[in-house]
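Quick note, the sequences are listed as chains A and B, same order. Throughout, the numbering used here is defined as the position within the first sequence, counted from one, plus 15. Throughout, the numbering used here is defined as the position within the second sequence, counted from one, plus 141. Using N, Cα and C, we set each Cβ at its ideal position, and we do this for glycine too. On a predicted model such as this, the values are computed, not experimentally measured, just so you know. Here is the structure we will look at.
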Amino acid sequence: MSEMTPETDARRLATESRDRVRFEEEALELSDQVYRVARHLAGSREEAEDLMQEAYARAFRSWRSFTPGTNLRAWLLRILTNLNIDRGRKKQRTPDTQPLEEGDYFLYNKLEESNGPAQDEERVVERLSQDDVVSALSAVPHDFRDVVVLVDIGDFTYADAAQILDIPIGTVMSRLHRGRRILKRELAEEAVGATDGR
Amino acid sequence: MAVDPCAKCEEVLQPYLDRELSNAEMLEAEAHLELCSYCRKRYRFEVNLRRYVRQAAAEQMPPQLKEKLSALRTPLL
């Protein structure tokens, strides 16, 4: 057992304080990237801001449990998704258990059907507005949205997403698959439903 | 009954783009895409859609939030 003299104690405190400052700086540098994901994990901008503050406060308190050299962005998002899931459970929404009839061509077919065949097929996607995308994303049920947002917007690997959400990788893949289809159904509703006089 | 090749192609769209298919499945999908402009258009659309969703969803963090996060830091002794 090492002897704790006032000198070693002071050195230990200095090291710890340096490590903590470094951790906090790195976490703050990542905050733009974390926010980009948090914004769509949460249902609204206000919720995202609350969630960010809660998550960062918790991260700064428990910085010692982060292993240096591992993925800090994933670690921060794990805290954030846990907080978000706790909140979500409080105001539980009905999970999406309906059979999904629409396949992966559904959105393209709908866009083509309502606007006529595309002259320039590269531009079909521009028939969707930025608002359509934001509203459609927020309409995807939590479990599916979390995976779609982490992988397709946050650029996390399946393995990272599995770790962040604490679910098996196979579940990440099946939720991603279904979540993307639900997103396309919602996008079709946003884009085409509106022009149908909804 | 023979499986509709376009329905089969639609079924593997996501795993194909995510590079999760076996070699044999991938070659089968590519052989069909080579011949079928209907599926080809929809595959290209999917690639563009993924990129578009990523861009459309990108939102800058409000500067005042960044300040609030900085204020949560442990004060230096």
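Determine the extent of the alpha helix (DSSP H) in which F121 (chain A) is found, giving its start and end residues.
Run containing F121 (chain A): F121 to N130, per the alpha helix (DSSP H) assignment.
Shorter than 8 Å from the beta carbon of A25 (chain A) to some beta carbon of chain B?
Not an interface residue.
Quick check on the DSSP output: the alpha helix (DSSP H) that includes D175 (chain A) runs from which residue to which?
From DSSP, the alpha helix (DSSP H) with D175 (chain A) extends over Y173 to L180.
When burial is assigned at 16 or more other CB atoms within 10 Å of the CB, is N99 (chain A) buried or exposed?
By the neighbour-count rule (16 or more Cβ atoms within 10 Å), N99 (chain A) is buried.
Residues of the segment 52-75 of chain A with a CB closer than 7 Å to any CB of chain B: list them in chain order, please.
Correct list: R54, H55, E64, M67, Q68, Y71, A72 and F75.
With a cut-off of 8 Å on the beta carbons, I'd call F171 (chain A) and G194 (chain A) a contact; round off their distance for me.
Rounded, the Cβ-Cβ distance is 14 Å, inconsistent with contact.
Which of the residues in the segment 185-203 of chain B, read from start to end, lie with their CB under 9 Å from any CB of chain A?
Of all residues in the segment 185-203 of chain B, the ones placed with a Cβ closer than 9 Å to any Cβ belonging to chain A are R185, F186, E187, N189, L190, R191, R192, Y193, V194, R195, Q196, A197, A198, A199, E200, Q201, M202 and P203, in chain order.
Cβ-based burial, S46 (chain A) [other Cβ within 10 Å; buried from 16]
Counting Cβ neighbours within 10 Å, S46 (chain A) comes out buried, since at least 16 surround it.
Where does V166 (chain A) fall in DSSP's three states?
Correct three-state label for V166 (chain A): helix.
Considering only their Cβ atoms, is the gap separating P146 (chain B) from H173 (chain B) smaller than 8 Å?
Between H173 (chain B) and P146 (chain B), the C-beta gap is smaller than 8 Å, which places the two residues in contact.
C-beta contact flag for Y120 (chain A) and L210 (chain B) at 8 Å
A distance of 8 Å or more separates the beta carbons of Y120 (chain A) and L210 (chain B).
I'd like to check one pair, D147 (chain A) with L198 (chain A): are the Cβ atoms closer than 8 Å?
No, the pair does not count as a contact, with Cβ atoms beyond the cut-off.
Could you name the residues of chain A that R214 (chain B) contacts, counting a contact when the two beta carbons are closer than 8 Å?
Within 8 Å Cβ-Cβ: E39, L43 and F75.
At a CB-CB cut-off below 9 Å, which residues of chain B make contact with L143 (chain A)?
Contact annotation for L143 (chain A) against chain B: L190, Y193, V194 and A197 [CB-CB distance below 9 Å, chain order].
What would DSSP say about G103 (chain A), mapped onto helix, strand or coil?
If DSSP states are grouped into helix, strand and coil, G103 (chain A) belongs with the helices.
Between the alpha carbons of L180 (chain A) and L162 (chain B), how many angstroms are there, rounded?
So the alpha carbons of these two residues sit roughly 25 Å apart.
Comparing alpha-carbon positions, which option in A:W78, A:E69 and A:Y50 lies nearest P203 (chain B)?
Ranking the options by Cα distance to P203 (chain B), first place goes to A:Y50.
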